[in-house]
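Just so you know, the sequences run in chain order H and D. Just so you know, we're using our numbering here: the first sequence kicks off at 1 and counts up by one. Just so you know, we're using our numbering here: the second sequence kicks off at 395 and counts up by one. What follows is a set of notes on a single structure, which appears directly below.
There are 2 protein chains.
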Amino acid sequence: MIDIAILGCGTVGGGVAELLETNCEQVKAAAGDEVRVKYILDIRDFKGTKYENLVVNDINIIVNDPDIKIICETMGGKEPACSYSKLALEHGISVCTSNKELVDFYGAELSEIAKKNNCSYLFEASVGGGTPLLRTLKTLRHEKIDKVMGILNGTCNYILTKMKYENMELADALKIAQDKGYAERNPDADILGYDTARKIAILASLVSGKRVHYESVKCEGITKIDKLDFKYAEMLNANIKLLGVYNQGYEVIVAPFLIPNSNALYGVNEAYNAILFHGNMLSDAMIYGSGAGRYPTASAVVSDVVELAHNLNKFIYNGLSLELNNDIKAERKFKFLVRAAGQDALSAFGNNITELESINSQCAFITEAMTGAEFDAKAAGLDIKNKIRILEAI
Amino acid sequence: MIDIAILGCGTVGGGVAELLETNCEQVKAAAGDEVRVKYILDIRDFKGTKYENLVVNDINIIVNDPDIKIICETMGGKEPACSYSKLALEHGISVCTSNKELVDFYGAELSEIAKKNNCSYLFEASVGGGTPLLRTLKTLRHEKIDKVMGILNGTCNYILTKMKYENMELADALKIAQDKGYAERNPDADILGYDTARKIAILASLVSGKRVHYESVKCEGITKIDKLDFKYAEMLNANIKLLGVYNQGYEVIVAPFLIPNSNALYGVNEAYNAILFHGNMLSDAMIYGSGAGRYPTASAVVSDVVELAHNLNKFIYNGLSLELNNDIKAERKFKFLVRAAGQDALSAFGNNITELESINSQCAFITEAMTGAEFDAKAAGLDIKNKIRILEAI
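Encoded structure:
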């Protein structure tokens, strides 16, 4: 019997408890032993539910119980998740989490603490929800992975899918996403790209072996995307997706991209996530799955529980490092699709542009490859309606 | 230092040797120790190459060397690969392989031998080449996976991609695939679906936990697919792909399918492979990668070498079982897209058909859902030009 505790029994934590019950036979076969929830730490008391007798309010009860070998931290946010995780690891209890904010902010430090105390800190559910991503990347350590890019935010992808396939405006698509529970009342973290930035920062850290902080990610959201952009995308046999992009040596960015229909990310729709990566031997590979949702995310947490069950009292390599990534310098050049009022922009961007058929009296064209800074310099004083980078190849 | 031997230093085996050299630092970090090729068993002598001094012709030299902990069997075919693998496992040497024929034919027996001798039999490279598939499925044992379907043959996918995007006939696309080295001179194993059948048989065995033999897979190839089918597919916003399909409880089949553009498999083009699966908690997930090729396949072999290096003298669960799968009975019903000469077919298939706009004086329609046997009964005596199953949802 392996006893675990769940910190925060909300959407994800509650899903973990349910999964362990619904799939108890499968979990037992996978973990090599029965997995039982002994404690739930939550501010609610779950009176009248089957969890009633499991609830505690004091983390010390959990970390001082020698039966507890694994803790699922599904509280989210920095505190008290950080202090609790630290305390658990200092007691030699392994922690797995869905908390991307904490992994980005303090994950490398928590990993060091885990290593010192012969236990582990895993975070499969923090990137891509149910997408079986980090464990797959971990089996590719023998590759030189130089590029990772992905659709990492289900809410934005849902909105962009509605805009493309149902010809909606962003505001209307956002409203539906909110009604369906995909988007928060305050959707800024999603649509301004911050959530994607946290996830690509974690991925860039893992793949480069050196820490890339969320704050260093250059971030553009989807708020300027308009129905017209999808019309131009269609002309170019492309789709528009919000991507987080890591290219070895270049700045990590989050921005909307035009994706040609020859790229595997083109057809990743609805609230799905997908992450494409390139290894020197492997070539391209992609992992696709449910980017969010109670059960898919719980399934990712439980995949960590299973791995931890097989490695009790051991530190499992998780790819995080305290060393800062200083290799990331240049901004990568991309071609841009540009919409602008009037015709001035055409001449400002020089001779090497490709003009597109005009819709709605705006001009539209594709620039030569340039950095965002070079773009801004050329665009100074012009009435640019939108610009979208073009993904040429992974 | 971990010493290994490579049996068969052809495309894949040679790729393994190269990868271990090119990525030696990465492999060392991944495996926790340096990995060295001590022997190459091959009928060639590799005179004048750096492999010259590694070549042996006698398997007994390898299995009797106590330094050898891992063998990569990249010979292909049943014999002598089977006898050599058996001999190695009996000596407590773990084996990893790219040999799908052997895995299907004798993999479960080899796994039993491995278990008895505290070593392992792994076969990541046998399905999907470089696609990181089996190791990912292994991290999902806590799920109830009831469906697996995939594009498992790069040659067929390349041919179908050319037909769709370059409006080619099958014969012309096949010729290009042969010129590019994707397809063999005798392409039957690919285009008749046999290769896909072997792979889906292995996947069905792994996911169901019980053995499904290649011979029990119902198999239709792509030889009847015609440019016209792609015209109808386009009308229906669909693509045509050769799929291997496992649905819990149903017959395992290989056949061309119409894939709607809302499905993630729709956009998997060129020689890429992709496998979509459904878990009760996870929902849908997909793994995409290079289905073949020297380096991607070698990378999959090396991922096994790394796992074996961490688990010397241990049996690693690999999902194979000697127990036969007897749950597979019914044939699943699908709707069919039908092309037929004349108008007789329309009435033969009853009132619930959806007629499509005719091209080239043939009639075309979509049937209600039925089994292949039901289809054949209705089609008796009619001049059916082609029928393609329609994938409605995973």
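The beta-carbon is built from N, C-alpha and C at its ideal position, and this holds for glycine as well.
Open item on the list: Suppose the cutoff is 6 Å on Cβ atoms and the five residues either side in sequence are ignored; what does the same chain contact list for A403(H) look like?
Closed with: Here chain H has residues from 1 to 394 only, and residue 403(H) is not among them.
TODO: Could you have a look at M168(H) and say whether DSSP puts it in helix, strand or coil?
DONE: coil
Task: Rounded Cβ spacing between T765(D) and F743(D) (contact assumed at less than 8 Å) - done: At roughly 14 Å, the Cβ-Cβ gap does not stay under 8 Å, so T765(D) and F743(D) are not in contact.
- [ ] Return the residues of the segment 511-545 of chain D that lie within a Cβ-Cβ distance of less than 8 Å from chain H, sorted by chain order.
- [x] G524, T525, P526, R529, T530, T533, L534, R535, H536, E537, K538
Open item on the list: Whether or not the segment 280-291 of chain H and the segment 509-516 of chain D are in contact is what I'm after, with contact meaning three or more pairs of Cβ atoms, one per stretch, closer than 8 Å; do they touch?
Closed with: no
Open item on the list: Below 8 Å on the Cβ atoms is my contact criterion, and I expect L414(D) with V700(D) to pass it. Report the Cβ-Cβ distance as a whole number of Å.
Closed with: Contact doesn't hold; Cβ gap of about 11 Å is too wide.
Task: Cross-chain neighbours of V661(D) in chain H, by beta carbon under 9 Å - done: Reading off the sequence, residue 661(D) comes out as Gly, not Val. Those are N261, S262, N263, A264, L265, Y266, G267, V268, listed as they occur along chain H.
- [ ] Report, in whole angstroms, the separation of the C-beta atoms of L320(H) and G107(H), which I expect to be a contact under 8 Å.
- [x] 5 Å
Open item on the list: I want to verify the contact list: residues of chain D whose CB lies under 7 Å from the CB of V302(H), in sequence order.
Closed with: H536
Open item on the list: Measuring only the C-alpha atoms, how far is E473(D) from I570(D)?
Closed with: 32 Å
Task: C-alpha distance - L236(H) paired with T549(D), whole-angstrom precision - done: 28 Å
Open item on the list: Check for me: the alpha helix (DSSP H) holding E101(H) runs from which residue to which?
Closed with: 100-116
Task: Three-state secondary structure assigned by DSSP to A330(H) - done: strand
- [ ] Can you give me the start and stop residues for the alpha helix (DSSP H) that G486(D) sits inside?
- [x] Premise fails: G486(D) is in no alpha helix (DSSP H) and is neither H nor E.
- [ ] Take the Cβ of M562(D) as the centre, count every other Cβ of all protein chains shown within 10 Å, and call the residue buried at 16 or more, exposed below.
- [x] buried
Task: Residues of its chain near E34(H), where Cβ-Cβ distance is below 6 Å and the 5 sequence neighbours each way are ignored - done: M1, K28
TODO: Indicate whether at least one CB of chain H lies closer than 8 Å to the CB of P690(D).
DONE: yes
- [ ] Would you please verify whether the beta carbon of Q248(H) is less than 8 Å from any beta carbon of chain D?
- [x] no
Task: Contact under 8 Å by Cβ, D3(H) with K86(H) - done: no
Task: Members of the segment 661-683 of chain D that neighbour chain H once the beta carbon cut-off is set at 9 Å - done: G661, V662, N663, E664, Y666, A668, L670, G673, N674, M675, L676, S677, D678, A679, M680, I681, Y682, G683
- [ ] Would you list the residues sitting across from T49(H) in a DSSP beta bridge?
- [x] Per DSSP, none; premise fails for T49(H).
- [ ] Give a yes or no on whether the minimum CB-CB distance between V450(D) and chain H is below 8 Å.
- [x] no
TODO: Grab the span of the beta strand (DSSP E) containing K26(H) for me, first residue to last.
DONE: What sits at residue 26(H) in the sequence shown is Gln, not Lys. From DSSP, Q26(H) is part of no beta strand (DSSP E) but of the alpha helix (DSSP H) over 24-31.
Open item on the list: Only counting the same chain, and skipping five residues up and downstream in sequence, which positions put a Cβ closer than 7 Å to that of A264(H)?
Closed with: L276, M286
Task: Boundaries (first-last residue) of the alpha helix (DSSP H) holding F230(H) - done: 227-235
Task: Y478(D) versus G524(D): straight-line alpha-carbon distance, rounded - done: 24 Å
Task: Through-space distance from N157(H) to V217(H), alpha-carbon basis - done: 20 Å
TODO: Could you have a look at M370(H) and say whether DSSP puts it in helix, strand or coil?
DONE: strand
- [ ] Can you say whether E234(H) is buried or exposed, counting buried as having 16 or more other CB atoms within 10 angstroms of its CB?
- [x] exposed
Task: Closest Cα partner of N493(D) within the set K781(D), L706(D), A686(D) - done: A686(D)
Open item on the list: Counting only Cβ-Cβ distances shorter than 7 Å, please list the residues of the segment 699-715 of chain D near chain H, keeping chain order.
Closed with: V700
TODO: Measure the Cβ-Cβ separation of G638(D) and G544(D) and say whether it is below 8 Å.
DONE: yes
TODO: Specify whether the segment 6-24 of chain H and the segment 524-534 of chain D touch according to this definition: at least 3 beta carbon pairs, one from each stretch, less than 8 Å apart.
DONE: no
Task: R198(H), enclosing alpha helix (DSSP H) - first and last residue - done: 194-208
TODO: Return yes when the Cβ of I653(D) is within less than 8 Å of the Cβ of N633(D), no when it is not.
DONE: yes
Task: C-beta neighbour in chain H for S693(D), strict 8 Å - done: yes
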